[in-house]
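Chains as they are written, first to last, in the numbering used here: chain L, 1301 to 1647; chain A, 57 to 223.
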């Protein structure tokens, strides 16, 4: 994950121009999922935007896998913005990537709390999720963890270091994403990982959880051709933003909100065999291809084969019978509501 | 109940057969010096982590995935097998093994005709985890070109391949 801040007198206006979310209605230290859109309304990346104390400081987490594309896009946009009269000129936005910071995700309510690591430094990103995640974190900080609700963020003293902690994560479980300053990233991660009940988890396990939670994975379920409306992310487009339409990519987003998109992301249950990314989806008579699977697994929690994919508008209603081709065999499938497994957020 | 009894009876029968095979192979070992023709029931491997247990008396190879492969895949939840009587060519995809982690294609390690598939895997896919090189076999192929078998990896070569894999 890439952590960054946007600061400056026009930071809120800039982010509101970049993405369709109601940034202005975010409360201090609260966050929202959002998307970076290109000029034609396609998703460059998905991200979490957190407002800090005031409208002039935001903390944003984007996907490391999109660092190059995001970087190019943001550099161009910010340069244009800061040069524009009436926009950023004289009220410049400063963009800082938090180089060397670790991000640990502590997730889960069950007996085992999962912690996950990713590359760069050995403990760059860990995931601590689960029902007990709060108990684990509380033992490491004097901050009252129970006062922090889903979607909120705070600076906490963890083992003597000031850490940015966001309650949430990408598993559908209660959990935290803890941003760690470079000097203490490894030590704190080890402290968390060695806490009783915490287990380091790999990306495969986390991918199963996010799919069960019905969440998109960039590169699988989202790409630059997909609009937020097609992706079932209309909720990231704020009500006030629909009226004004003053964000990049608004034309397509507003049109699809009004007329409906050509295709829609749906959840599917496939009988017989699990369908993976790339499997073709057909109408119930098996004759017409109407879409493609973008993510699929045998769900460890449900014991059924779950997937998400895009289908032609009209085939997206819950209960619609479809067919999915898994290798040589055509399997029965049915459109399911998402999340497949109900979320267990702490609200 | 009926199917459970049938299953255990089949399992028992297979054990007996295997004992017979090993008896045959022990005997042919002794004969080898004299005839130097038969090479008996033996196992070879592919770099894709499939094994073939070949019986030269029947010209039939039992195909499965290795213990190393099942460990790497994790919990197997579904196995797709080829059709009985289908003709397969070496390196053709003939099925797939699905685990919670991944889908893995199975390629025909040898050319021939599929004579039997392991139907038990339809409702007990986890036999691949429990006993991949025994009760978790996938299919049997009557070899059309036994020299393909001889060109596969020996036990020693396969072990070396796996060690290379893990580094």
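Glycine included, C-beta positions come from ideal geometry on N, C-alpha and C.
Values in this document were obtained by computation on a predicted structure and should not be read as measured data.
For chain L, check one thing: does any of its Cβ atoms lie closer than 8 Å to the Cβ of residue 127 of chain A?
Here the question's residue 127 of chain A lines up with position 71 in the second chain. Answer no: the Cβ-Cβ gap between residue 127 of chain A and chain L never drops below 8 Å.
Between residue 1474 of chain L and the ligand GTP, is the CB less than 7 Å from at least one heavy atom?
Looking for the ligand GTP in the displayed structure turns up nothing, as the structure carries no ligands at all.
Determine the direct distance from the alpha carbon of residue 1460 of chain L to that of residue 1487 of chain L, and round the result to whole angstroms.
Taking the first residue of the first chain as 1, we reach residue 1487 of chain L at position 187. Taking the first residue of the first chain as 1, we reach residue 1460 of chain L at position 160. The straight-line gap from Cα to Cα measures roughly 11 Å.
Do residue 1549 of chain L and residue 1337 of chain L come within 8 Å of each other at the CB atom, strictly closer than that value?
Mapped onto the first chain, residue 1337 of chain L falls at position 37. Mapped onto the first chain, residue 1549 of chain L falls at position 249. Yes, they are a contact pair.
Considering only DSSP beta bridges, list what residue 1478 of chain L is partnered with.
By one-based count along the first chain, residue 1478 of chain L stands at place 178. Per DSSP, L:1404 and L:1465.
Identify which residue in L:1603, L:1406 and L:1301 has its Cα closest to the Cα of residue 1494 of chain L.
The residue given as residue 1494 of chain L occupies position 194 in the first chain. Comparing Cα positions, the closest option is L:1406.
For residue 1323 of chain L versus residue 1362 of chain L, is the C-beta distance shorter than 8 Å?
Here the question's residue 1323 of chain L lines up with position 23 in the first chain. Here the question's residue 1362 of chain L lines up with position 62 in the first chain. Cβ atoms of residue 1323 of chain L and residue 1362 of chain L: not closer than 8 Å.
Say whether the segment 1613-1631 of chain L touches the segment 1577-1595 of chain L, bearing in mind that this needs 3 or more beta-carbon pairs closer than 8 Å, one atom from each stretch.
yes
Go to residue 1331 of chain L, then tell me how far its beta strand (DSSP E) extends in each direction, as first and last residue.
Counting from one through the first chain, the residue named residue 1331 of chain L turns up at place 31. It spans 1331-1337 - the beta strand (DSSP E) in which residue 1331 of chain L sits, taken as one unbroken run.
Taking just the CA atoms, how far does residue 1525 of chain L sit from residue 1335 of chain L?
Start at 1 with the first residue of the first chain, and residue 1335 of chain L comes out as number 35. Start at 1 with the first residue of the first chain, and residue 1525 of chain L comes out as number 225. Using only the alpha carbons, I get a separation of about 13 Å.
Check whether the Cβ of residue 219 of chain A lies closer than 8 Å to any Cβ atom in chain L.
What you label residue 219 of chain A is simply residue 163 of the second chain in a count that begins at 1. No, because no Cβ of chain L sits closer than 8 Å to the Cβ of residue 219 of chain A.
Closer than 8 Å by C-beta to residue 1647 of chain L: which residues in its own chain qualify, once you throw out the five before and the five after it? Chain order, please.
Locating residue 1647 of chain L in the first chain gives position 347, counting from the first residue. Closer than 8 Å at Cβ, skipping near neighbours: 1449 and 1450.
Decide if residue 133 of chain A is buried, meaning its Cβ has at least 16 other Cβ atoms within 10 Å, or exposed.
Within the second chain, numbered from 1, the residue matching residue 133 of chain A stands at position 77. The residue is buried, with at least 16 neighbouring Cβ atoms inside 10 Å.
At a cut of 8 Å, does the segment 121-133 of chain A reach the segment 175-195 of chain A through at least three beta carbon pairs?
yes
Put residue 193 of chain A into one of helix, strand or coil per three-state DSSP.
Residue numbering aside, residue 193 of chain A sits at position 137 when the second chain is read from its first letter. Of the three classes helix, strand and coil, the one that applies to residue 193 of chain A here is coil, per DSSP.
Alpha helix (DSSP H) containing residue 1508 of chain L: first to last residue?
Sequence index remark: in the first chain, residue 1508 of chain L carries index 208 (1-based). Run containing residue 1508 of chain L: 1503-1512, per the alpha helix (DSSP H) assignment.
Below 8 Å between beta carbons: does that hold for residue 1547 of chain L and residue 1317 of chain L?
Numbered from 1 along the first chain, position 247 holds the residue referred to as residue 1547 of chain L. Numbered from 1 along the first chain, position 17 holds the residue referred to as residue 1317 of chain L. Contact flag set, yes.
Do you know how far the Cα of residue 1607 of chain L is from the Cα of residue 1279 of chain L?
With chain L covering only 1301 through 1647, there is no way to say anything about residue 1279 of chain L.
Give every residue of the same chain whose Cβ lies closer than 7 Å to the Cβ of residue 1306 of chain L, excluding the five residues on either side of it in the sequence, and list them in chain order.
Position 6 of the first chain holds residue 1306 of chain L. Once the five neighbours on either side are set aside, the close Cβ partners of residue 1306 of chain L are 1314, 1315, 1358, 1360, 1393 and 1395.
Residue 1573 of chain L versus chain A: which residues are under 7 Å apart at the beta carbon?
Numbered from 1 along the first chain, position 273 holds the residue referred to as residue 1573 of chain L. Within 7 Å Cβ-Cβ: 134, 136 and 154.
For residue 1566 of chain L, I'd like the list of residues in its chain whose CB is within less than 6 Å of its CB, leaving aside the five on either flank, ordered along the chain.
Locating residue 1566 of chain L in the first chain gives position 266, counting from the first residue. Around residue 1566 of chain L: 1611, 1616 and 1635.
Nearest residue (CA-CA) to residue 180 of chain A, options A:135, A:150 and A:159:
The residue given as residue 180 of chain A occupies position 124 in the second chain. Ranking the options by Cα distance to residue 180 of chain A, first place goes to A:135.
For chain A, is any of its Cβ atoms less than 8 Å away from the one on residue 1325 of chain L?
For the purposes of this step, residue 1325 of chain L is taken as the residue at position 25 of the first chain. Answer no: the Cβ-Cβ gap between residue 1325 of chain L and chain A never drops below 8 Å.
What number of angstroms, rounded off, separates the C-alpha of residue 1484 of chain L from the C-alpha of residue 101 of chain A?
Looking up residue 1484 of chain L in the first chain gives position 184. Looking up residue 101 of chain A in the second chain gives position 45. Those two C-alpha atoms are separated by around 48 Å.
Buried versus exposed call for residue 1633 of chain L [16 or more other C-beta atoms within 10 Å across all chains shown]
Here residue 1633 of chain L refers to the residue found at position 333 of the first chain. The residue is buried, with at least 16 neighbouring Cβ atoms inside 10 Å.
So with Cβ pairs under 8 Å, would you call residue 186 of chain A a contact of chain L?
In the second chain, residue 186 of chain A corresponds to position 130, counting from 1. So, not an interface residue.
Euclidean distance between Cα positions of residue 1403 of chain L and residue 200 of chain A
The residue you call residue 1403 of chain L lines up with position 103 of the first chain. The residue you call residue 200 of chain A lines up with position 144 of the second chain. Those two C-alpha atoms are separated by around 57 Å.
Short-range partners of chain A found in the segment 1507-1519 of chain L, where Cβ spacing is below 8 Å
1508
Run through chain A and tell me which residues come within less than 7 Å of residue 1504 of chain L, C-beta to C-beta.
Stepping through the first chain from its first residue, residue 1504 of chain L is reached at position 204. In chain order: 157.
What residues in the segment 1452-1483 of chain L bring their beta carbon closer than 8 Å to a beta carbon of chain A?
none
Just to confirm before moving on: does the CB-CB distance between residue 1343 of chain L and residue 1562 of chain L stay below 8 Å?
Here residue 1343 of chain L corresponds to residue number 43 of the first chain, with the count starting at 1. Here residue 1562 of chain L corresponds to residue number 262 of the first chain, with the count starting at 1. No. Outside cutoff.
Quick one: any contact between the segment 101-115 of chain A and the segment 155-173 of chain A, if contact means 3 or more CB pairs under 8 Å?
yes
Would the segment 1506-1517 of chain L and the segment 1597-1604 of chain L be scored as touching if the rule is three or more Cβ pairs under 8 Å?
yes
Assumed close pair residue 1340 of chain L, residue 1536 of chain L - CB separation to whole angstroms, cut-off 8 Å
Reading the first chain from its first residue, position 40 is the one you call residue 1340 of chain L. Reading the first chain from its first residue, position 236 is the one you call residue 1536 of chain L. Actually they are not in contact, since the Cβ atoms of residue 1340 of chain L and residue 1536 of chain L sit about 17 Å apart, beyond 8 Å.
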